[in-house]
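The structure under discussion appears below in the form of structure tokens.
Protein chains in written order, with this note's numbering: chain A, 0 to 307; chain B, 1386 to 1919.
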């Protein structure tokens, strides 16, 4: 197990290196630079700006400089948030995205598994169909439609919850709508996955054996069937969690949440080279990390994996 | 039964969580403002957007401030005198000025701050705004290494003297710009780029920085050390960076904002009818236009073709029937508001009806060598915005109908368009706009001098340059305005550009918000605002 993990860990380094290089090159090759605001009047001023950010140096030495800074854990200064470093921005934004993402994932897991199991047990009955319809709707209606609807209903019309914003960061009321908006599509995916795998698990011979041994239904379901049924959900969880905690661009935008999801788009549009590279590298690390965690979980949950 | 209990519990929780906050929450008077985008910096030397400027207008105070009509009023300076040759300005600071940390604010602080902006090490993108000062240009260019040779000196703690290399009649209004706001030397030196972060920032305006959470909010609190603190009636100002006007409108309707930054364009017309006194507008010192690339065919050396295209654009139709966001049809480059001394010029054919213009345009188009057998094919470059696209499609169809011109629309992401406009290699006709930096016609006309960095059409007319230069040396206000007006007329008759609109800022403000009056240059001061109990 340990050797597999170490192999995976070191295998990730070239991947990250390629990500860094590609991001660096693609950003520089895009026309327009961080200081093309349509307002920089004098060429001398432009030259001073380029010099201050080392953009006047040859591309290769900029690249080496960037790699050197990165090795020391320094993502460089942000071009668009000039008063903060990229490291500072990620450090401020990530806890917000993390909190939001983990809450949404927990909600999705509990509700999704519950619905999926419920559907599997009431297979082909009206209540099962209701679960399937709910899951389809959740997957079909995109966040950029769902989030504004939630805002309009609960914020603007009913005045129950804030229509957006993050308050001082400690008020629960600001977090409910974004968490729900973020969780909904995941609830649907998990419900569908767990419903079908639960149906499959219930037909396995070991379930029949368990019943034959006279175990009560609840025990059979939760100790034996659930363990098998949850495997596809676990492999879905890895990338989904990584995606959700590095911030949802749409949900963060609609609710004006200070997470790091928005930086992906904003930074690229503003040619904020360092911020784009920073969030991409950070995102890459998180993905690699979560795939590792999923591998470990798989080994724990499914004896067949670790034996292989 | 358990179901009912769950519903009840849910209701209690929701009631508990309900927002309930208002501008009078907790006995404090709070002004909550939508502010479009995250400010790129709160350092007056290093910011360049309007939304950063709005926060700075509250945090810092320069020598002068602008009134709602763009006229300069005393700010940190209580009075000033100008020498007969217009080259030396002496300012007397108010007695007993202090920073928010209680330390005295002196003329030396202004000297330090001014030198800092032109110092190449600061890399201020707006350093050119100092170019009328003695030695400013040379310092920015690196020809003079010592920023202390900038034309500004502290005669004594309360007297600041500015030395110009050329008369600058608009200097006073220009001094209200953020680039001329003072920053505290000790803090800049101690914290570097982080000197503007909460806890580090010391300022001299009506408010001080209390909290700054990037992408969430900037919270300012009343500055008790401000010279006019007795007349500041607000305890807190909160700026929210909300990029989408639709989200902003939702939060305004939910009662979470008192003033919006904008209104969604698609809803401007219905809000104008339904929002009553909450719907407010402010004509801006801004011009939108189509630029022609004068350095390449088909527009190089072909003024008749350019004029024909300009004349066939039905601006009234675009403004009133298509856009419906209050834009004013434009026939010149200098907007009709903003510079009180200047009479905005219009193209000579502005008095014709649209039908007459089209008839004249057809003749010009033929004289330029085009016709049904040999139609003009042209690329029109624009940004990705919905409105830009609507306008471009309409203009293309006006050209097609009136002249038979075949237009292909090239949509480009903003930065890409800016880069292409500057390079003048691939552009033919392009959408462009300019917002005045200071209330003077030259903020628009200077763009079109030969070789200016923002001269996107590549206009080069020695007569135009000579008129601008002559005006630069003229002290007499009326004579100077006349020279500039002649220059604008020349630019318009050469049809280097096709003016389209002057933008009108539309926003919503709750009825209990009083005295909030942005001026054409876009400066707003929360200090003047009062909030009625509600």
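Ideal placement from N, C-alpha and C gives every residue a C-beta, glycine not left out.
Predicted model only: the values in this text are computed from it and were never measured.
Rounded C-alpha distance that separates residue 19 (chain A) from residue 1876 (chain B): 49 Å
Spatial distance of residue 86 (chain A) from residue 1917 (chain B) (CA atoms): 43 Å
Identity of the residue in A:275, A:286, A:260, A:170 nearest residue 84 (chain A) by Cα: Minimum Cα-Cα distance from residue 84 (chain A) among the listed residues A:275, A:286, A:260, A:170 corresponds to A:275.
Contacts around residue 12 (chain A), its chain only, beta-carbon distance under 8 Å, and the 5 residues preceding and following it disregarded: If we look at residue 12 (chain A) and ignore the five residues flanking it on each side, it has no Cβ neighbours.
Continuous alpha helix (DSSP H) stretch holding residue 201 (chain A): start and end: Residues 172-201.
Any C-beta of chain B under 9 Å from that of residue 14 (chain A): no
Within-9 Å CB hit, residue 123 (chain A) to chain B: Taking a beta-carbon distance threshold of 9 Å, residue 123 (chain A) does not count as an interface residue toward chain B.
Residue 1805 (chain B) - containing alpha helix (DSSP H), residue span: Per DSSP, residue 1805 (chain B) belongs to the alpha helix (DSSP H) from 1799-1808.
From B:1814, B:1855, B:1692, residue whose alpha carbon lies closest to that of residue 1831 (chain B): B:1855
Residue nearest to residue 1708 (chain B) in terms of C-alpha spacing, selected from B:1651, B:1684, B:1753: B:1651
Residue 1810 (chain B) burial status per 10 Å Cβ neighbour count (16 or more: buried): exposed
For residue 1487 (chain B), the first and last residue of its enclosing beta strand (DSSP E): From DSSP, residue 1487 (chain B) is part of no beta strand (DSSP E); its letter is neither H nor E.
Option in B:1763, B:1803, B:1754 with minimal Cα separation from residue 1769 (chain B): B:1803
Identity of the residues DSSP links to residue 1815 (chain B) by a beta bridge: B:1676, B:1766
Beta-bridge pairing of residue 1791 (chain B) - partner residues as DSSP gives them: Residue pairing by DSSP places residue 1791 (chain B) opposite B:1762 in a beta bridge.
Residue-chain proximity (residue 134 (chain A), chain B), Cβ-Cβ < 9 Å: Residue-level contact by beta carbon fails for residue 134 (chain A) and chain B, as no gap is shorter than 9 Å.
Close Cβ partners of residue 2005 (chain B) (< 7 Å) along its chain, the five nearest in sequence each way excluded: Outside the displayed range of chain B (1386 to 1919) lies residue 2005 (chain B), so it cannot be described from this structure.
Beta-carbon spacing of residue 340 (chain A), residue 107 (chain A) below 9 Å: The question about residue 340 (chain A) has no answer here: the residues shown for chain A are numbered 0 through 307.
Closest by C-alpha distance to residue 146 (chain A), when choosing among A:162, A:157, A:133, A:135: A:162
Paired residues, beta bridge with residue 1623 (chain B) - DSSP: B:1417, B:1604
Burial state of residue 1521 (chain B) (16 or more Cβ within 10 Å): buried
Short Cβ contact (9 Å threshold) for residue 240 (chain A) with residue 100 (chain A): Residue 100 (chain A) sits close to residue 240 (chain A), with the two beta carbons spaced by under 9 Å.
Beta-carbon spacing of residue 1550 (chain B), residue 1526 (chain B) below 9 Å: no
Every unbroken beta strand (DSSP E) inside the region 1493-1567 of chain B [3 residues or more]: 1537-1541, 1544-1548
Bounding residues of the alpha helix (DSSP H) (the contiguous stretch that carries residue 1846 (chain B)): For residue 1846 (chain B), there is no enclosing alpha helix (DSSP H), as DSSP marks it with neither H nor E.
The alpha helix (DSSP H) enclosing residue 1665 (chain B), as first and last residue numbers: Premise fails: residue 1665 (chain B) lies in the beta strand (DSSP E), 1664-1668, not in any alpha helix (DSSP H).
contact_flag[the region 258-267 of chain A, the region 200-213 of chain A] where n(CB pairs < 8 Å) is 3 or more: no
Buried/exposed call for residue 222 (chain A), threshold 16 Cβ in 10 Å: With a 10 Å radius around the Cβ and a threshold of 16 neighbouring Cβ atoms, residue 222 (chain A) comes out exposed.
The region 1781-1801 of chain B touching the region 1818-1835 of chain B, judged by at least three CB pairs closer than 8 Å: no
Residue-chain proximity (residue 64 (chain A), chain B), Cβ-Cβ < 9 Å: no
Sequence-distant residues of the same chain with beta carbon closer than 8 Å to residue 79 (chain A), five excluded per side: 33, 265, 266, 269, 271, 274
Residue-level contact to chain B via CB, residue 198 (chain A), 9 Å cutoff: Residue 198 (chain A) does not count as touching chain B.
Closer than 7 Å at the beta carbon, the chain A residues around residue 1638 (chain B): 155
C-beta neighbour in chain B for residue 151 (chain A), strict 9 Å: yes
CB contact below 9 Å: residue 215 (chain A) versus chain B: no
Chain-order list of residues whose beta-carbon lies under 7 Å from that of residue 178 (chain A) (same chain, five-residue window excluded): 99, 102, 103, 106
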